[in-house]
Amino acid sequence: MANAYNIAVVGATGAVGGVMLKLLEERNFLVNNLRALASERSVGQTVPFEGVDIEIEELTPDSFEGVQIALFSAGSARSKEFAPAAVAAGAVAIDNSSAFRQEPNVPLVVPEVNPEDVKWHEGIIANPNCSTIQMVVALKPIYDAVGIERIIVTTFQSVSGTGNKAIAELFSQSEAVLESGEAEVNVYPHRIAFNVIPHIEHFHDNGYSNEEVKMVNETRKIFSDPEIGLSATCVRVPVYNAHSEAVNIQTTRPISVDEVRRLMLSAPGVVLLDDPSANEYPMPVIAEGKDDVFVGRIRTDDSAENSLNLWVVSDNLRKGAATNAIQIAELLISGGMLD
Ligand code: 25A
Ligand code: L14
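Our numbering puts the sequence shown at residues 297 to 635.
This is the structure we're talking about:
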């Protein structure tokens, strides 16, 4: 009989943690014992798992005894403080935050792109940023076929990536604006309802936001290609869930639109939706609740040599966070890398 594993979900009451629990069920992950960890604020609550109400426990350094896989999604500060305790207890920590992504001894893994990198982990494996994950899944087959010199990407990011408070704020502001034309602002620096905000996380001295900087550094690490050119503009839009991206690429060798379409049809984790004449193209309402990366609007960019445009949409709580993390756990199991 197959083994079952002891799992901890850190941030179990959060937007990403909730999807992790749902996915463990959906994918029939073999769970022996599940520990649902969150802050002291959530103690007394329960979360549903396989028909049982699991009590939330407070996250402490002692939370990981007997745990084999610890899925972290409670922000960088919690990951920095508690992932080492999980590793010391013998668990592999799969971390959704940005805390360890650029550490040289921490693999940054997207299973469709660089699954082999899980092999060199030393206890912590990092899950990339949601915007990076969906972009590299779509670009990997093109990268392998003809090489990619340069990527220019503009993101249209939903509020769910910021967590439950931001989801609630989009709803409450939308209602308030419709009722009175005004709304209270708490989560973002500006109102998000009926607005777009070209600002995700803090700004660096060079004028780029941290989200934009992460897309550059993470893409280079995942492709093991420090030379690849990338420039990003990351924008928050009043969409509840699923990120969209306008991606322009310059390839090393020429490739036709038809060939890119063919590559997308056989790419793992990708669904091609590209029939504009039938109003068919990816949108957040299509991607929401699904694990795939949806690609469409594939067309030649005649303004530069070997250039193409694509439109890429995916559920940021699923493939952008929880699904990718659980696929990493599945890789560890199929590779016989857990005791
Ligand atoms: O780095 P930061 O600033 O800490 O950012 C953390 C943010 O990153 C998100 C996460 O959203 C959070 O907003 N996040 C993490 N990984 C992500 C990824 N890959 C990601 N977003 C996208 N992609 P979240 O809401 O999904 O998750 C929050 C979870 O973290 C738990 N947590 C927070 N502090 C903790 C902790 N767990 C242990 N120890 C701590 N010190 C958090 O649990 C949640 O599970 P919680 O118990 O703190 O909150 C449960 C409920 O409380 C509400 N709430 C949140 N903040 C406050 C609050 N209520 C009152 N006051 C607050 N300040 C929440 O609505 C939640 O329902
Ligand atoms: O994982 O959308 O680096 O506010 C940080 C920004 C997750 C999404 C990360 C957002 C992201 C988050």
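Where is the CB? At the ideal position from N, CA and C, for every residue including glycine.
Review point. Regarding G457 and ligand 2, is the C-beta to nearest heavy atom distance less than 6 Å?
Key: By 1-based counting over the sequence shown, the position of residue 457 is 161. The answer is yes for G457.
**Study point:** Cutoff 6 Å; reference A583; Cβ partners in own chain excluding five residues on either side
**Key:** Taking the first residue of the sequence shown as 1, we reach residue 583 at position 287. Only A538, F590, V609, S610 and D611 meet the Cβ criterion.
Point to revise | Length of the line joining the Cα atoms of F490 and V535 | key: As a working note, residue 490 is residue 194 in the sequence shown. As a working note, residue 535 is residue 239 in the sequence shown. If you draw a straight line from the Cα of F490 to the Cα of V535, it is about 10 Å long.
Check your understanding: When you compare only the Cα positions, how much space is there between D413 and P403?
Key -> Here residue 413 refers to the residue found at position 117 when the sequence shown is read from its first residue. Here residue 403 refers to the residue found at position 107 when the sequence shown is read from its first residue. Answer to the nearest angstrom: the Cα atoms are 6 Å apart.
Point to revise | For T309, three-class secondary structure by DSSP | key: Here residue 309 refers to the residue found at position 13 when the sequence shown is read from its first residue. Three-state result, T309: coil.
Check your understanding: Does ligand 2 have a heavy atom nearer than 6 Å to the CB of S610?
Key -> Start at 1 with the first residue of the sequence shown, and residue 610 comes out as number 314. False, no ligand heavy atom lies under 6 Å from that Cβ.
Check your understanding: Where in the stretch 510-583 do unbroken runs of the beta strand (DSSP E), each at least 3 residues long, occur, reported from the N-terminal end onward?
Key -> 525-532, 539-547 and 566-568
Exercise for review: Inspect the CB distances between the stretch 509-529 and the stretch 476-488 and report whether three or more fall short of 8 Å.
Suggested key: no
Review point. By how many angstroms is the C-alpha of G525 removed from the C-alpha of R487?
Key: Counting from one through the sequence shown, the residue named residue 487 turns up at place 191. Counting from one through the sequence shown, the residue named residue 525 turns up at place 229. Their backbone Cα atoms lie some 33 Å apart in a straight line.
Exercise for review: Please report the residue range of the alpha helix (DSSP H) in which V449 lies.
Suggested key: For the purposes of this step, residue 449 is identified with residue 153 of the sequence shown, where counting begins at 1. Not the alpha helix (DSSP H): V449 falls in the beta strand (DSSP E), residues I444 to Q453.
Review point. Residues in its own chain within less than 6 Å of I545 by CB, not counting five upstream and five downstream?
Key: Locating residue 545 in the sequence shown gives position 249, counting from the first residue. Here the set comprises I444, I447 and L604.
Review point. Where P485 and V455 are concerned, what is the direct C-alpha to C-alpha distance, given to the nearest angstrom?
Key: Mapped onto the sequence shown, residue 485 falls at position 189. Mapped onto the sequence shown, residue 455 falls at position 159. Those two C-alpha atoms are separated by around 13 Å.
Review point. Using a Cβ-Cβ cut-off of 6 Å (strictly less than) and excluding sequence neighbours within five positions of L367, which residues of its own chain qualify?
Key: Reading the sequence shown from its first residue, position 71 is the one you call residue 367. Result list for L367: V305, M316, I390 and A621, in chain order.
Point to revise | N410 (DSSP reduced to helix, strand or coil) | key: Reading the sequence shown from its first residue, position 114 is the one you call residue 410. Correct three-state label for N410: coil.
**Study point:** Rounded C-alpha distance that separates V492 from G631
**Key:** On the sequence shown, residue 492 is found 196 positions in, with the first residue counted as 1. On the sequence shown, residue 631 is found 335 positions in, with the first residue counted as 1. Taking the straight line from one Cα to the other gives about 43 Å.
Practice item. Counting only runs of 3+ residues fully inside the stretch 327-385, write out the beta strand (DSSP E) ranges in chain order. Key: 327-334, 342-345, 348-354 and 365-368
Practice item. Classify N423 as helix, strand or coil using the three-state DSSP reduction. Key: As a working note, residue 423 is residue 127 in the sequence shown. Reduced to three states, the DSSP call for N423 is coil.
Practice item. Measure from the alpha carbon of M579 to the alpha carbon of each residue in N506, E514 and G592, then state which is nearest. Key: Locating residue 579 in the sequence shown gives position 283, where the first residue counts as 1. That would be G592, whose Cα lies nearest to the Cα of M579.
Review point. Given a threshold of 16 other Cβ atoms within 10 Å of its Cβ, counted over all protein chains shown, does H417 qualify as buried or as exposed?
Key: If you number the sequence shown from 1, residue 417 lands on position 121. When all chains shown are included, H417 counts as buried.
Exercise for review: Using the Cα positions of D554 and V348, report the straight-line distance between them to the nearest angstrom.
Suggested key: Reading the sequence shown from its first residue, position 258 is the one you call residue 554. Reading the sequence shown from its first residue, position 52 is the one you call residue 348. Approximately 49 Å, taken between the alpha carbons.
Review point. Regarding N460 and ligand 2, is the C-beta to nearest heavy atom distance less than 6 Å?
Key: Numbered from 1 along the sequence shown, position 164 holds the residue referred to as residue 460. Incorrect: N460 has no Cβ contact closer than 6 Å to ligand 2.
**Study point:** Whole-angstrom C-beta distance between I365 and A387, which should lie under 8 Å
**Key:** Counting from one through the sequence shown, the residue named residue 387 turns up at place 91. Counting from one through the sequence shown, the residue named residue 365 turns up at place 69. A387 to I365, Cβ: 6 Å. Contact.
Point to revise | According to DSSP, residues forming a beta bridge with I624 | key: Translated into the one-based positions of the sequence shown, residue 624 becomes position 328. Answer is none; I624 lacks a bridge partner.
Exercise for review: Just tell me which of V339, S335 and P344 has its CA closest to the CA of L320.
Suggested key: Position 24 of the sequence shown, counted from the start, is the residue given in the question as residue 320. Cα-wise, what sits closest to L320 is P344.
**Study point:** Local conformation of F493 per DSSP, three classes
**Key:** Looking up residue 493 in the sequence shown gives position 197. Reading off the sequence, residue 493 comes out as Ile, not Phe. DSSP places I493 in strand when its eight states are reduced to three.
Practice item. Below 8 Å on the Cβ atoms is my guess for A618 versus V409; work out the distance and round it to an integer in Å. Key: Residue 618 sits at position 322 when you count from the first residue of the sequence shown. Residue 409 sits at position 113 when you count from the first residue of the sequence shown. That pair is no contact at about 18 Å.
Practice item. Would you check if the stretch 326-341 and the stretch 393-400 touch, i.e. whether three or more CB-CB distances between them fall below 8 Å? Key: no
Review point. Under a three-way DSSP split, which group does I488 fall into?
Key: Here residue 488 refers to the residue found at position 192 of the sequence shown. I488 falls in the coil class under three-state DSSP.
Check your understanding: When DSSP labels each residue in this structure, what does G592 get in the three-state scheme?
Key -> Within the sequence shown, residue 592 is the residue found at index 296, counting from 1. The answer is strand: DSSP assigns G592 an E or B state.
Check your understanding: For I350, which residues from the same chain have a beta carbon less than 7 Å from its beta carbon, with the 5 sequence-adjacent residues on both sides left out?
Key -> Within the sequence shown, residue 350 is the residue found at index 54, counting from 1. For I350, where only same-chain residues beyond five positions count, the Cβ hits under 7 Å are L330, A332, T342 and V343.
Review point. So which of S372, G371, G459 and V433 has the shortest CA-CA distance to D587?
Key: Numbered from its first residue, the sequence shown carries residue 587 at position 291. Checked all of S372, G371, G459 and V433; the closest Cα to D587 is V433.
Review point. According to the neighbour-count rule (16 or more other Cβ atoms, all chains shown, within 10 Å of its Cβ), is G307 buried or exposed?
Key: As a first step, residue 307 is located in the sequence shown; it is residue number 11 there, counting from the start. Buried, because 16 or more other Cβ atoms sit within 10 Å of the Cβ of G307.
Check your understanding: Can you name, in chain order, every residue of its own chain whose Cβ lies under 6 Å from the Cβ of N602, other than the five neighbours on each side?
Key -> Counting from one through the sequence shown, the residue named residue 602 turns up at place 306. Counting only Cβ-Cβ distances below 6 Å, and skipping sequence neighbours, we find Q546, T547 and P550.
Review point. Which residues does DSSP pair with A304 in a beta bridge?
Key: If you number the sequence shown from 1, residue 304 lands on position 8. DSSP, once it has assigned bridges, lists R331 and A366 as partnering A304.
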